[in-house]
Amino acid sequence: LAQAEMILQSFFQKNPKGTFVFRYKNTKSADGAVTVIGSYVCKGSSYRSTFQFRSGKYETKLESIGIVKE
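Quick look at the structure:
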């Protein structure tokens, strides 16, 4: 968790005040997984952002984040 926070903090310090647009969200699979894809645009650069969520019995948890410059 600490490593993820450090990486995201560094990314947003270098790329502040961008805009985010959702591009895709699938329906929940049988195992409770959901994928969301969007684009974060800042300073003329676009980053494809992928989020993987997993639903448990009582809560939904963020399983992974991917940010790739397009």
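In my numbering, the protein residues as written are 294 to 363.
Beta carbons are placed, not taken as given, at the ideal position from N, Cα and C, and that holds for glycine.
Whether residue i touches residue j by CB criterion (8 Å)
i: Thr320; j: Gln345; result: no
i: Ile330; j: Arg347; result: no
i: Thr343; j: Gly325; result: no
i: Lys310; j: Ser338; result: no
Which of helix, strand or coil DSSP assigns to residue i
i: Lys318; result: strand
i: Lys310; result: coil
Buried/exposed call for residue i, threshold 16 Cβ in 10 Å
i: Tyr333; result: buried
Item to check | Complete beta strand (DSSP E) runs within the stretch 323-359 (minimum length 3 residues, chain order) | outcome: 326-335, 338-348
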